[in-house]
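Trainee:
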Amino acid sequence: MDTKKILVLGASGYIGSQLIPHLLTQGHKVTAAARNVSYLQSRLKPHPKLTFTYLDLVDKDRTLETVHGHDVVFFLVHGMAHGHDFLEYELSLAINFRDALQGSGVEHVIYLSAIQPQTGNSEHLEARKKTGEVLRQSCVPVTELRAGVIVGTGSAVYEIMKDLVYNMPVLLAPKFVSSKANPIALANLNHYLVSLVKETPASHQYFEVGGPEVLSYAEQFNIIGEAINRKRKLVPTALLTPSMAAFWLGVVTSVPSAIGKALLAGISHDYIANADEIQARYPQTMITFEQAVKVSVMQEGEFVRSNVWGFDPQALNRWQPGFGYYPKNAGASIYTELSSTQLWQIIKKIGSKEEGYFFANYLWRTREWLDFFFGAGVPVRRAPTNPELEVGEFIDSWKVIRCEKGRFLSLLFGMKAPGMGRLECTITDRGEYRELDIRAWWHPKGFTGLLYWFAMMPAHLFIFRGMVRAIVKKAKAAGLE
Numbered sequence: 110m111d112t113k114k115i116l117v118l119g120a121s122g123y124i125g126s127q128l129i130p131h132l133l134t135q136g137h138k139v140t141a142a143a144r145n146v147s148y149l150q151s152r153l154k155p156h157p158k159l160t161f162t163y164l165d166l167v168d169k170d171r172t173l174e175t176v177h178g179h180d181v182v183f184f185l186v187h188g189m190a191h192g193h194d195f196l197e198y199e200l201s202l203a204i205n206f207r208d209a210l211q212g213s214g215v216e217h218v219i220y221l222s223a224i225q226p227q228t229g230n231s232e233h234l235e236a237r238k239k240t241g242e243v244l245r246q247s248c249v250p251v252t253e254l255r256a257g258v259i260v261g262t263g264s265a266v267y268e269i270m271k272d273l274v275y276n277m278p279v280l281l282a283p284k285f286v287s288s289k290a291n292p293i294a295l296a297n298l299n300h301y302l303v304s305l306v307k308e309t310p311a312s313h314q315y316f317e318v319g320g321p322e323v324l325s326y327a328e329q330f331n332i333i334g335e336a337i338n339r340k341r342k343l344v345p346t347a348l349l350t351p352s353m354a355a356f357w358l359g360v361v362t363s364v365p366s367a368i369g370k371a372l373l374a375g376i377s378h379d380y381i382a383n384a385d386e387i388q389a390r391y392p393q394t395m396i397t398f399e400q401a402v403k404v405s406v407m408q409e410g411e412f413v414r415s416n417v418w419g420f421d422p423q424a425l426n427r428w429q430p431g432f433g434y435y436p437k438n439a440g441a442s443i444y445t446e447l448s449s450t451q452l453w454q455i456i457k458k459i460g461s462k463e464e465g466y467f468f469a470n471y472l473w474r475t476r477e478w479l480d481f482f483f484g485a486g487v488p489v490r491r492a493p494t495n496p497e498l499e500v501g502e503f504i505d506s507w508k509v510i511r512c513e514k515g516r517f518l519s520l521l522f523g524m525k526a527p528g529m530g531r532l533e534c535t536i537t538d539r540g541e542y543r544e545l546d547i548r549a550w551w552h553p554k555g556f557t558g559l560l561y562w563f564a565m566m567p568a569h570l571f572i573f574r575g576m577v578r579a580i581v582k583k584a585k586a587a588g589l590e
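The opening position of the sequence shown corresponds to residue 110 in our numbering, with each subsequent residue numbered one higher.
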């Protein structure tokens, strides 16, 4: 087999993180590049042919260094989560990558893009289109795959639809719910992506990819409802504008509002791919939407079987169908000249009798007692017994599920609530200073899980801001080296 050196840009995203194991199975040597390397490492199992590297495409020099020496590069980067100016942001990243290709030795770029509908447009679709134009300005042949809705656990559009069915008794939807698409199953998309690695094209090319049937979004909702045994009445309304719908999605689904807004504008038109050409070149059995949904439902919770949760048996057992795939999060960061060791000497005392939670301890204690009296049955006081935190140790109702001394601590949420969560303390060395981040991650269960999260949001923001400041203050006072 002709194996190649492959660079995956945007490796921590939905497509990249699940594509990499397929590339490794084919014997290729893979470099996974992302801004959040620790998260990527927690998602993927170690492999002798897999290398992780930090890369922010904003850094032109680092981009040049990373791209050099690979045979094939997957460009799976998008900026939808960046906010309102993501078009300009995406194009700046594409330009830096294009420039890095000059003299790099790269033979082929594979770019996952979006179908361009016959009518209408959106900033998301415009960004995908213009990014392709920028990449094709390079001297390296680019293969652009233009996809519509991808069906699989973690796909943003699919997760939005699934969350709505799980969370809402009645589905209020914009009028464009009658728009049509031919969604492609993740397994079918992977077949095309892996097959393209074998190619060394002489010029740029593009293919549209889609599934075997054309369905309206209303029909897709009905199929998802039947698959999870939750049939919902769909009520299209002109009162729900795209902007209002995006805000609504941020409240009633786990998908971030910025991503939901960008995607909504794109799916407000028919989104139908003509996949005849690529299917003729790389034939395979195409999976129907119903089959793809059933597979995804059976695989719900698979992502929890990763080091994100420390492979903790308690976490695996607690996961339930209907928990949001994308977690809500709230936290606070602070920058300091203190060393990682100084910060860790304080952090490792979390939950101890002398330190508690460093800030607003009365709120933590109140929450514990409420849990104790209203049915959770969790002991209120279980301070750490080991001066050095260890995986498996309990701190009140929290459980240590990951601990990387001097850098990272993850605690499994053990209190009674409709969902599943964790609390993370992260120390990142930025060279001349350190960044301390404390953040709660919450996978809500249904609408009650969402209500719980938003009810706790003000307290979270207040507490975490106080915690990071208190930790830095205590570390300075301790004068530890």
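Glycine residues also receive a C-beta, built at the ideal position from the N, C-alpha and C atoms. A quick note: this is a predicted structure, and the numbers were derived from the prediction, not measured.
Since ASN416 is in the beta strand (DSSP E), which residue starts that stretch and which ends it?
Mentor: On the sequence shown, position 307 is the one that residue 416 refers to. First-last for ASN416: undefined, no H or E at that position.
Trainee: Can you name, in chain order, every residue of its own chain whose Cβ lies under 6 Å from the Cβ of ALA236, other than the five neighbours on each side?
Mentor: Numbered from its first residue, the sequence shown carries residue 236 at position 127. For ALA236, where only same-chain residues beyond five positions count, the Cβ hits under 6 Å are LEU196 and GLU199.
Trainee: In three-state DSSP terms, what is VAL243?
Mentor: Taking the first residue of the sequence shown as 1, we reach residue 243 at position 134. Of the three classes helix, strand and coil, the one that applies to VAL243 here is helix, per DSSP.
Trainee: What residues match up with PHE432 in a beta bridge as DSSP calls it?
Mentor: By one-based count along the sequence shown, residue 432 stands at place 323. The partner list for PHE432 (beta bridge, DSSP) reads LYS554.
Trainee: Are the beta-carbon atoms of ILE219 and LEU305 separated by less than 8 Å?
Mentor: Looking up residue 219 in the sequence shown gives position 110. Looking up residue 305 in the sequence shown gives position 196. Yes. Within cutoff.
Trainee: For SER415, which residues of its own chain have a beta-carbon under 7 Å away from its beta-carbon, when the five flanking residues on both sides are left out?
Mentor: Position 306 of the sequence shown, counting from 1, holds the residue named residue 415. Excluding sequence neighbours, SER415 sits near SER151 and ARG152.
Trainee: Taking TRP551 as the reference, give the member of ARG474, ARG339, VAL344 and PHE432 with the closest Cα.
Mentor: Reading the sequence shown from its first residue, position 442 is the one you call residue 551. The option with the nearest alpha carbon to TRP551 is PHE432.
Trainee: GLY523 lies in the alpha helix (DSSP H); which residues open and close that run?
Mentor: Locating residue 523 in the sequence shown gives position 414, counting from the first residue. Segment: none, GLY523 is in no alpha helix (DSSP H) and carries neither H nor E.
Trainee: Quick test of the definition: if touching needs 3 or more C-beta pairs under 8 Å, does the segment 273-291 touch the segment 553-565?
Mentor: Contact between the segment 273-291 and the segment 553-565 is present, because at least three Cβ pairs lie under 8 Å.
Trainee: Does DSSP put ASN291 in a helix, in a strand, or in coil?
Mentor: Numbered from its first residue, the sequence shown carries residue 291 at position 182. Coil at ASN291, not helix or strand.
Trainee: On the premise that THR172 lies in contact with HIS217, defined as a C-beta separation below 8 Å, what is that separation, rounded to the nearest angstrom?
Mentor: Start at 1 with the first residue of the sequence shown, and residue 217 comes out as number 108. Start at 1 with the first residue of the sequence shown, and residue 172 comes out as number 63. Incorrect: roughly 18 Å between the Cβ atoms, too far for contact.
Trainee: Would you mind working out which of LEU447, GLU497 and ALA141 sits nearest LEU545, comparing C-alpha positions?
Mentor: The residue labelled residue 545 in the question sits at position 436 within the sequence shown. The candidate whose alpha carbon is nearest that of LEU545 is LEU447.
Trainee: What residues in its chain sit with their C-beta under 8 Å from that of GLY241, if we drop five residues either side in the sequence?
Mentor: The residue you call residue 241 lines up with position 132 of the sequence shown. These residues qualify, in order along the chain: TYR220, SER222, VAL251, GLU253 and TYR315.
Trainee: On a Cα-Cα basis, can you pick out the residue from LYS514, GLY263 and TYR434 that is closest to SER449?
Mentor: What you label residue 449 is simply residue 340 of the sequence shown in a count that begins at 1. Nearest of LYS514, GLY263 and TYR434 to SER449, Cα basis: LYS514.
Trainee: What's the call for VAL181, buried or exposed, on a 16-neighbour Cβ count within 10 Å?
Mentor: For this step, residue 181 is matched to residue 72 along the sequence shown. Buried.
Trainee: From VAL500 to HIS233, what distance separates their C-alpha atoms?
Mentor: Residue mapping note: residue 500 aligns to position 391 of the sequence shown, counting from 1. Residue mapping note: residue 233 aligns to position 124 of the sequence shown, counting from 1. C-alpha separation (whole angstroms): 42 Å.
Trainee: Measuring alpha carbon to alpha carbon, tell me which of THR445, GLU317 and HIS179 ends up nearest ALA382.
Mentor: Within the sequence shown, numbered from 1, the residue matching residue 382 stands at position 273. Measuring from the Cα of ALA382, the nearest candidate turns out to be GLU317.
Trainee: GLU174 by DSSP, collapsed to three states: which one?
Mentor: Taking the sequence shown and counting its residues from 1, the one referred to as residue 174 is at position 65. The answer is helix: DSSP assigns GLU174 an H, G or I state.
Trainee: So, helix, strand or coil for PRO345, using DSSP?
Mentor: Taking the sequence shown and counting its residues from 1, one reaches residue 345 at position 236. Strand.
Trainee: Does the distance from the C-beta atom of VAL146 to that of TYR163 stay below 8 Å?
Mentor: Taking the first residue of the sequence shown as 1, we reach residue 146 at position 37. Taking the first residue of the sequence shown as 1, we reach residue 163 at position 54. Yes, the pair counts as a contact, with Cβ atoms nearer than the cut-off.
Trainee: Run through DSSP, which three-state label would ILE536 get?
Mentor: One-based indexing of the sequence shown puts residue 536 at position 427. Of the three classes helix, strand and coil, the one that applies to ILE536 here is strand, per DSSP.
Trainee: Do you know offhand how far PHE573's Cα is from ILE224's?
Mentor: Within the sequence shown, numbered from 1, the residue matching residue 573 stands at position 464. Within the sequence shown, numbered from 1, the residue matching residue 224 stands at position 115. Distance between the alpha carbons of PHE573 and ILE224 is about 42 Å.
Trainee: Entirely within the segment 385-418 and at least 4 residues each: give me those alpha helix (DSSP H) ranges in chain order.
Mentor: The qualifying runs are 385-390 and 398-407.
Trainee: Sorted by chain position, which residues of the same chain lie with C-beta nearer than 8 Å to THR322's C-beta, five sequence neighbours on each side aside?
Mentor: The residue labelled residue 322 in the question sits at position 213 within the sequence shown. Thr is not the amino acid found at residue 322; the sequence shown has Glu there. Excluding residues within five positions, the ones whose Cβ falls inside 8 Å are ASN291, THR397 and PHE398.
Trainee: Quick check: the segment 259-271 against the segment 353-367, are at least 3 beta-carbon pairs closer than 8 Å?
Mentor: Contact between the segment 353-367 and the segment 259-271 is present, because at least three Cβ pairs lie under 8 Å.
Trainee: First and last residue of the beta strand (DSSP E) that includes PHE184?
Mentor: Numbered from its first residue, the sequence shown carries residue 184 at position 75. From DSSP, the beta strand (DSSP E) with PHE184 extends over 181-184.
Trainee: How many whole angstroms separate the CB atoms of PHE467 and ALA579, which I take to be in contact at a CB cut-off of 8 Å?
Mentor: In the sequence shown, residue 467 corresponds to position 358, counting from 1. In the sequence shown, residue 579 corresponds to position 470, counting from 1. Contact holds; Cβ gap of about 4 Å.
Trainee: For GLU253, write down the residues that DSSP places opposite it in a beta bridge.
Mentor: Along the sequence shown, one-based indexing puts residue 253 at 144. Answer by DSSP bridge pairing, in chain order: TYR220 and TYR315.
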